[in-house]
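Participant: Here it is, the structure, as structure tokens.
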């Protein structure tokens, strides 16, 4: 599981955008978002660098949180 802090994720619309971005590189990815904590947990076969770069390219300020 990969965990990211996304500073500019503030609503359900943001969660949908984040989910779409992640699933654009891994359609089977599972995404769990915690909007108040601005945290996303991702289960994906893609390396975290790809997920993080995809989120950043999509306009979300993603910072990986080490386990």
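Numbering (our numbering), first residue to last: 25 to 91.
Ideal Cβ placement from N, Cα and C applies to all residues, glycine included.
#1: Work out the CA separation of residue 60 and residue 84 for me, nearest whole Å.
#2: Can you name the start and end residues of the alpha helix (DSSP H) that residue 44 belongs to?
#3: Compare the C-alpha of residue 73 against each of 64, 86 and 39 and name the closest.
#4: On the DSSP letters alone, give me the boundaries of the beta strand (DSSP E) that residue 86 sits inside.
#5: Hey, would you say residue 78 sits closer than 7 Å to residue 57, going by beta carbons?
Facilitator: Concretely, from the data shown:
#1: Position 60 of the chain shown holds residue 84. Position 36 of the chain shown holds residue 60. Near 16 Å, if we compare the C-alpha coordinates of residue 60 and residue 84.
#2: Looking up residue 44 in the chain shown gives position 20. That run of the alpha helix (DSSP H) goes 36-49.
#3: Numbered from its first residue, the chain shown carries residue 73 at position 49. Minimum Cα distance to residue 73 is reached at 86.
#4: In the chain shown, the residue the question calls residue 86 occupies position 62. Counting along the chain, the beta strand (DSSP E) containing residue 86 begins and ends at 86-89.
#5: As a working note, residue 78 is residue 54 in the chain shown. As a working note, residue 57 is residue 33 in the chain shown. Against a cut-off of 7 Å, the Cβ pair of residue 57 and residue 78 comes out as no contact.
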